[in-house]
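A.B. asks: Protein chains in written order, with the working numbering: chain V, 19 to 331; chain S, 557 to 847; chain X, -19 to 243. Backbone N, C-alpha and C fix where the C-beta goes; we use that ideal spot for every residue, glycine too.
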């Protein structure tokens, strides 16, 4: 087996990091941070398939994350569904919504696509805030713990392994997809849409397909967040969270699955580190965002790889 | 026409005029650089907040307003020079993130320079409502409509009649050709950011007496302005104005007759509906791909 | 019309395309027989590339119809036409510069590959086997067009002449019945042009119908069985190389109108 390919070596490295990280997690707070990184990374790995590989922007993926979180929360808390069934049904429901919305939206290009996805995300967020009988409105709602085969899954140390395992799975899915004919079709669309079409690629089908897959990644991460934290508020559905997610993808490096993971880790950690700056936090965060994008327009991981490759020569 | 309808239309026109000014800012920058400036809403915030703080410091409005507009313009030029220009040639997504980062930076600065409270600005000429067709309108709304109209006419003259304006239009159609004809493309970029920032600031000052202002007022106004610019068709000045007014009126009617809770969603429902049928907006040019 | 003729592979009837008020292609009709090399020539702006875009579904025609292999394909999307056996290259390259050369060719095989999402996400064993086959066949196609040296190259590191051939290899990946080449020799040096020349001849031998849009007259006259001459979006004339070469209308169109005739 060749350990230098992303699908073997990279995945093994990720698994090793997840296995060894608890040695460095000194208390529950850092477990929480690690879990948050994992959740964001799952969403970003999916979003990167859409943005980085297929070249289609979405400024509304927090909407799918929110639908996943609230779908699971409402089905399990209000209707008493078993959480596993709620998660499955919610994921399927979100996939269907993404399919229906994706068909007209993904015919748009560039800034028009940015506007449409942004609008979609904001509409979802407003619906969640407004329908307070179901969602608890701006105050949020509590969510029962996740149970599987009669076992209740709770606590940071349990969820660390659940999220870690899910992340490894998400990365594996993404790497598989990219190295398949369907994934090549996505990258071809990014390279030249008309070139892809005359090669027999149905552009709409390919774009909608990857949109649905990325929405499902976000939805599952949302469902898990709801059960893990036991309480959800509309903040995670907001326009800002959508932007945060896209920034993580671009920050880590577009069209790089591990870049998406690194971007999620960096931008989840950064605010934790910046809290010491108190009122200067926002200014520094904005400045870091702007300067990173100016100096590393391709993102952290690809820029790093390029620098390494140059050095080796 | 019922008095209620008239009231909704007047309210909608006032808000729509503000959206139109913000949308014009988007269009001008887009034309000069093909950048969507997500920090556009922050100019609105800077205009309002700067005027409030200067007025509170005892300056008369006639002095405070020009100073605030110039401040915003300077921030706009700085944004172009230090954030957009160094990233020329970066991908659309990268540029979107840069301007969003800049907007976070500007909001952060606003909380440092000012505070996180809501502020009121005194109306320009009293707050005695005026009755029109059974509805009432605030004098400040008349200021909004009047100033917007004046700006639209002024911009029409600027882009249609002056050499600088024509140079900016030429750059939007073909930057290379414009450069070969002696247009300073770099100057056009800085000017467009300065001009857009001024428009945003004016919008922020005009609306501050009606809706109050604060450090985060620019977020929604910026997004609605973007929606208006897209609705009209990116890069079209007429489109931006019409898009802004349409969104304002639709929002006001929707809030009045349908649901006030969903007021903010209406703009985005409309924009999605329009884009599904007209993917390049109402006045946008349909671009045929050359292969 | 004489009655029993071999059915044409592609027939175009009164095809028109207008951009605004300009008729780029105007009431064009012709037929192309299977297995031959057909060329479409004409002065700059005659509508050749527009015609190719109409035939391959990149543009939708304003009016008229296109019949391919006996069925009406007017207005079909490019990917649907590709599925029926059309493939093409572009005058200004449409290479996937974000991929390796070999991956570019593998994309050309898209229609013959297993493209389901579930199989891809879970990497079914059958898919992995298909991938190996795809890599091998892509290499074979690259060798066929003379790209042996670029098997492991990234597309964005290849010279122009090689990219032109890479597009041909990608187009062949779909095993097309009809291959449309838009100026394959433009920008190439004489040696490279000669290589394209032999490549086209080999393609024709293998049974593919070739439609060639080209400015290089020596290339066109050498390889074509049948030539259609366009001028201002209309058909000026058609026929064999000799017929076309000696047609006074063609000479006029190429050398300019009456006032330029003496030279």
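#1: From 262/V, 296/V, 28/V and 173/V, pick the residue whose C-alpha is nearest to that of residue 83/V; which is it?
#2: Among 141/X, 74/X and 9/X, which has the Cα closest to the Cα of residue 208/V?
#3: Considering only residues of the same chain and omitting the five flanking positions on each side of residue 759/S, which have a CB-CB separation below 6 Å?
#4: Using a Cβ-Cβ cutoff of 9 Å, what residues of the segment 309 to 321 of chain V are near chain S? List them in chain order.
#5: Tell me the DSSP secondary structure of residue 158/X in three-state form.
#6: Between the segment 171 to 181 of chain X and the segment 206 to 222 of chain X, are three or more C-beta pairs nearer than 8 Å?
#7: Let me check one thing: in DSSP terms, what residues is residue 634/S bridge-paired to?
#8: At a Cβ threshold of 8 Å, is residue 818/S touching chain V?
#9: What is the DSSP secondary structure of residue 69/V, counted as helix, strand or coil?
#10: State the DSSP-derived secondary structure class of residue 207/X, mapped to helix, strand or coil.
#11: Name, going along the chain, the residues of the segment 173 to 185 of chain X whose beta-carbon falls closer than 8 Å to a beta-carbon of chain B.
#12: Which residues in chain X sit within 8 Å of residue 194/V, going by Cβ to Cβ distance?
#13: Indicate whether the contact test is met: 3 or more Cβ pairs, each with one atom in the segment 220 to 237 of chain V and one in the segment 46 to 66 of chain V, closer than 8 Å.
#14: Our contact map puts residue 100/X next to residue 200/V with C-beta atoms below 8 Å; I'd like the distance itself, whole angstroms only.
#15: What does the alpha-carbon distance come out to for the pair residue 178/V and residue 267/V?
#16: Whole-angstrom Cβ separation of residue 87/V and residue 273/V, contact assumed at under 8 Å?
#17: Which parts of the segment 593 to 620 of chain S are runs of the alpha helix (DSSP H), unbroken and 4 residues or longer, counting only runs that do not cross its ends?
#18: So, is residue 231/V buried or exposed, given that buried needs 16 or more other C-beta atoms within 10 angstroms?
#19: List, in chain order, every chain S residue whose beta-carbon is nearer than 8 Å to that of residue 134/V.
#20: Please confirm whether residue 76/X has its beta-carbon closer than 8 Å to some beta-carbon of chain V.
#21: Between 820/S, 830/S, 559/S and 822/S, which has its C-alpha nearest residue 688/S's C-alpha?
#22: For residue 58/X, decide whether its Cβ has a neighbour in chain V, counting only Cβ atoms nearer than 8 Å.
#23: Identify the residues that DSSP records as bridge partners of residue 20/X: which are they?
#24: For residue 686/S, which beta-bridge partners are listed by DSSP?
#25: Using a Cβ-Cβ cut-off of less than 8 Å, give me the residues of the segment 216 to 235 of chain V that come near chain X, in sequence order.
#26: Which residue marks the beginning of the beta strand (DSSP E) containing residue 219/X, and which one marks its end?
#27: Let me know the alpha helix (DSSP H) ranges lying completely inside the segment 663 to 745 of chain S, each 4 residues or longer, listed in chain order.
#28: Closest to residue 270/V by C-alpha separation, out of 217/V, 260/V, 322/V and 296/V, would be which residue?
#29: Is residue 271/X helix, strand or coil by DSSP?
#30: What would DSSP say about residue 6/X, mapped onto helix, strand or coil?
#31: Between the alpha carbons of residue 607/S and residue 581/S, how many angstroms are there, rounded?
#32: Assuming residue 142/V contacts residue 153/V (C-beta within less than 8 Å), just tell me the rounded distance between them.
#33: Taking 8 Å as the CB-CB limit, is residue 130/V close to chain S?
#34: So, at 8 Å on beta carbons, what are the nonlocal neighbours of residue 316/V in its own chain, with the 5 sequence-adjacent residues on each side left out?
#35: Mark residue 683/S as exposed unless 16 or more other C-beta atoms lie within 10 angstroms of its C-beta, in which case mark it buried.
#36: Quick check: is the beta carbon of residue 602/S nearer than 8 Å to any beta carbon in chain V?
C.D. replies: This is what the structure holds:
#1: Of the listed residues, the one whose Cα sits closest to residue 83/V is 262/V.
#2: Nearest Cα to residue 208/V within the set 141/X, 74/X and 9/X: 74/X.
#3: The answer, listed in chain order, is 574, 577, 578 and 600.
#4: If the cut-off is 9 Å between Cβ atoms, the segment 309 to 321 of chain V has 309, 310, 311, 312, 313, 315, 316 and 317 near chain S.
#5: The three-state secondary structure of residue 158/X, taken from DSSP, is strand.
#6: Touching, no.
#7: According to DSSP, residue 634/S bridges with nothing at all.
#8: True, the Cβ-Cβ gap to chain V drops below 8 Å.
#9: Note: residue 69/V maps to helix in three-state DSSP.
#10: Residue 207/X falls in the strand class under three-state DSSP.
#11: In the structure shown, chain B does not exist; the protein chains are V, S and X.
#12: Those within 8 Å of residue 194/V in chain X are 100, 101, 102 and 103.
#13: In short, these stretches touch, since the Cβ pair count reaches three.
#14: About 4 Å separates the two Cβ atoms, so the contact holds.
#15: Approximately 22 Å, taken between the alpha carbons.
#16: With 8 Å as the limit, residue 87/V and residue 273/V do not qualify as a contact, their Cβ atoms being about 28 Å apart.
#17: The qualifying runs are 596 to 612.
#18: With 16 or more other CB atoms across the displayed protein chains lying within 10 angstroms of its CB, residue 231/V is buried.
#19: Those within 8 Å of residue 134/V in chain S are 827, 828 and 831.
#20: At least one chain V Cβ lies under 8 Å of residue 76/X.
#21: For the residues 820/S, 830/S, 559/S and 822/S, the minimum Cα distance to residue 688/S belongs to 559/S.
#22: Output row for residue 58/X: interface = yes.
#23: Paired residue(s): 193/X and 208/X.
#24: Note: residue 686/S sits in a beta bridge opposite 693/S.
#25: Cβ contacts with chain X come from 216, 217, 218, 219, 220, 221, 227 and 231.
#26: Secondary structure note for residue 219/X: its beta strand (DSSP E) is the uninterrupted segment 214 to 219.
#27: Counting only runs of 4 or more residues that sit fully inside the segment 663 to 745 of chain S, the alpha helix (DSSP H) segments are 695 to 717, 719 to 729 and 731 to 736, in chain order.
#28: Checking every option, the nearest Cα to that of residue 270/V belongs to 322/V.
#29: Any property of residue 271/X remains undetermined from this structure, which presents chain X solely from -19 to 243.
#30: The answer is strand: DSSP assigns residue 6/X an E or B state.
#31: Their backbone Cα atoms lie some 20 Å apart in a straight line.
#32: Under the criterion of beta carbons closer than 8 Å, residue 142/V and residue 153/V do not qualify as touching, at roughly 11 Å.
#33: Judged by the 8 Å Cβ criterion, residue 130/V is in contact with chain S.
#34: 271, 272 and 324, listed in sequence order.
#35: By the 10 Å Cβ count, residue 683/S comes out exposed.
#36: No, no contact with chain V.
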